[in-house]
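These notes are about the structure you will find just below.
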Amino acid sequence: MKLSRAFTSCFKQALSSLTTGLQEEVQVGKRRIKLVRLLGEGGYSFVYLGVDCETGQEYAVKKILAQSSEQLELAKKEIQVMGRFRHPNLLALVDSEAKRGQEGKEMGKNVVYLVFRAYKDGTVVDLVEKSQRIHPAVVLNIFLQVCRGCQCMHGKEGSTGGYAHRDVKPHNVLLQRDSNKGALDPFHAVLMDFGSARVARMDIRSRTDALKAQEEAESHTTGTYRSPELFDCPSECVLDERTDVWSLGCLLYYMCFGESPFEYVLSQAGGSLALAVISGKIQWPDKGVGYHPAIVDLCRLCLKQELADRPRVDEVIERCVEALDRVAEDEGPAGAAAPAVVPKANMV
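Start counting the sequence shown at 1; every next residue gets the next number (the UniProt record's numbering).
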């Protein structure tokens, strides 16, 4: 299961009704946590709202029922990847533990617990779906934070130890309002769900290697945010962290227009998502939430068809800062005084 599904549905009443009376307690590391509400589930994973029995601190607790050695290894890999990085814009793993189930359906199975901070303001998807308008500066400030999280994962240019997230999308960006930040930068944003992350640099030397890379991407990277080279991988090439830069461009587009650049294909009879992405057929609406020429320019920069032409995240960050300056200059004092987020009428 993707963590995004769990956090997106966080605190919705429909789910809370399913878990009335849930009071299971689990020991994860040094913390004893009471699981009070199911937030989401899928496949062999469950995410709960948990409360530290000693401090009262709220957490999100992911419980993985690893029914095979492969599932156990994937869970361990996610823990290992999260342990490599410490950055304000990457979801931090507070604690984790793997143990053998002692009762019921869990008896004898490997159960893995991952503990995270709870982000109650949901994801970028929640923000966009509830908003009539998001100020361009808010869009860019969220995007900038996600880019900085990716920058930490990618490492220095040319390094062999960098990681690509491989599933950057609005569902995987958690938000928390922060009263200490500015009016047009109201959210603390973190990138989450590292189950798809892998070493960024992949040397593709044969058609077999290329097909393997495509199959892996199909399993772990959401299609509407997947880069062209992961749909149609050349038999001789080097894949790197710039696959994430494409996804970042799709994320920015989504924050402006409410869908990925290629989502329109899914509603067309006989439409092919792969062909649309590979050919770069992007539709640019005339208007949209957070629309600004500086944002469109930044989208176009990230959505370069050829990997070799695509910038690295360091350049994207530089251009994002420049775009923020352009927005401030164009909007002027009136723009600075405008509401950061205007909710939809039925959400007020």
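Glycine included, C-beta positions come from ideal geometry on N, C-alpha and C.
Can the beta-carbon of residue i be found closer than 9 Å to that of residue j?
| i | j | result |
| --- | --- | --- |
| Lys62 | Val115 | yes |
| Arg312 | Asp297 | no |
| Glu95 | Lys30 | As written in the sequence, residue 95 is Asp, which differs from the Glu given in the question. Yes. Within cutoff. |
| Leu74 | Thr123 | no |
| Phe85 | Leu248 | no |
| Thr221 | Arg166 | yes |
| Val125 | Asn89 | no |
| Pro186 | Arg177 | yes |
| Ser131 | Pro343 | yes |
| Glu129 | Gly280 | no |
In chain order, what residues of the same chain have a beta carbon less than 8 Å from the beta carbon of residue i, not counting five sequence neighbours either side?
| i | result |
| --- | --- |
| Leu93 | Ile79, Met82, Gly83, Leu114, Val115, Phe116 |
| Leu184 | His135, Ala137, Val138, Asn141, Ala336, Ala340 |
| Asp314 | Gln151, Glu157 |
| Glu25 | Arg32, Ile33, Lys34, Leu35, Cys53 |
| Ala213 | Met202, Ile204, Leu230, Cys233, Leu239 |
Could you check the C-alpha separation between residue i and residue j for me, to the nearest Å?
| i | j | result |
| --- | --- | --- |
| Lys164 | Ala200 | The residue you asked about is not Lys; residue 164 is Ala in the sequence shown. Going by the C-alpha atoms only, they are around 5 Å apart. |
| Met202 | Ala66 | 28 Å |
| Trp246 | Lys99 | 38 Å |
| Ile204 | Pro261 | 27 Å |
| Glu41 | Val47 | 6 Å |
| Lys76 | Asp330 | 48 Å |
| Gly223 | Leu273 | 8 Å |
| Gly21 | Pro228 | In this prediction, Gly21 scores a pLDDT of 49, lower than 50, which makes its location untrustworthy; the coordinate-derived value is nonetheless stated afterwards. Their backbone Cα atoms lie some 47 Å apart in a straight line. |
| Leu307 | Ile282 | 17 Å |
| Val316 | Leu91 | 21 Å |
| Leu127 | Tyr254 | 11 Å |
| Leu239 | Leu191 | 22 Å |
| Ala345 | Ala338 | 17 Å |
| Cys302 | Cys250 | 8 Å |
| His87 | Met153 | 9 Å |
| Leu252 | Gly101 | 42 Å |
With 16 other CB atoms within 10 Å as the buried threshold, where does residue i fall?
| i | result |
| --- | --- |
| Gln151 | buried |
| Pro285 | exposed |
| Gln268 | exposed |
| Ala217 | buried |
| Gly332 | exposed |
| Gln23 | exposed |
| Glu70 | exposed |
| Asn110 | buried |
| Glu263 | buried |
| Gly195 | buried |
| Ser45 | buried |
| Ser219 | exposed |
| residue 360 | Outside the modelled stretch of the chain, which goes from 1 to 348, sits residue 360, for which no answer is possible. |
| Arg226 | buried |
| Val321 | exposed |
| Asp325 | exposed |
Identify, in the order they occur along the chain, each residue of the same chain with its Cβ nearer than 7 Å to the Cβ of residue i, setting aside the five sequence neighbours on each side.
| i | result |
| --- | --- |
| Leu49 | Val36, Arg37, Leu39, Glu58, Ala60, Ala118 |
| Val327 | Pro136, Ala137, Leu140, His292, Ala294 |
| Gly155 | Gly161, Gly162 |
| Ile278 | Pro228, Phe231, Asp232 |
| Glu97 | Val28, Gly29, Tyr113 |
| Glu236 | Ile204, Arg205 |
List the DSSP bridge partners of residue i.
| i | result |
| --- | --- |
| Ser79 | Note that residue 79 is Ile in the sequence shown, not Ser. Ile79 pairs with nothing; no bridge assigned. |
| Asn89 | The partner list for Asn89 (beta bridge, DSSP) is empty, contrary to what the question assumes. |
| Asp52 | Ile33 |
| Asn110 | Ala66, Arg100 |
| Cys237 | Ile204 |
| Arg177 | Phe187 |
| His131 | As written in the sequence, residue 131 is Ser, which differs from the His given in the question. Answer is Pro343. |
| Gly27 | Per the sequence shown, the amino acid found at residue 27 is Gln instead of Gly. Its beta-bridge partners are Arg32. |
For residue i, which residues in the same chain have their Cβ closer than 6 Å to its Cβ, ignoring the five residues on either side in sequence?
| i | result |
| --- | --- |
| Arg310 | Arg242, Val245, Lys304 |
| Val265 | Gly271, Leu273, Ala276 |
| Ala323 | Leu140, Ala294, Leu298 |
| Tyr149 | The amino acid occupying residue 149 in the given sequence is Gly; Tyr does not appear at that position. Hits under 6 Å: His87, Asn89, Leu90, Leu191. |
| Ile64 | Ser45, Ala75, Val112 |
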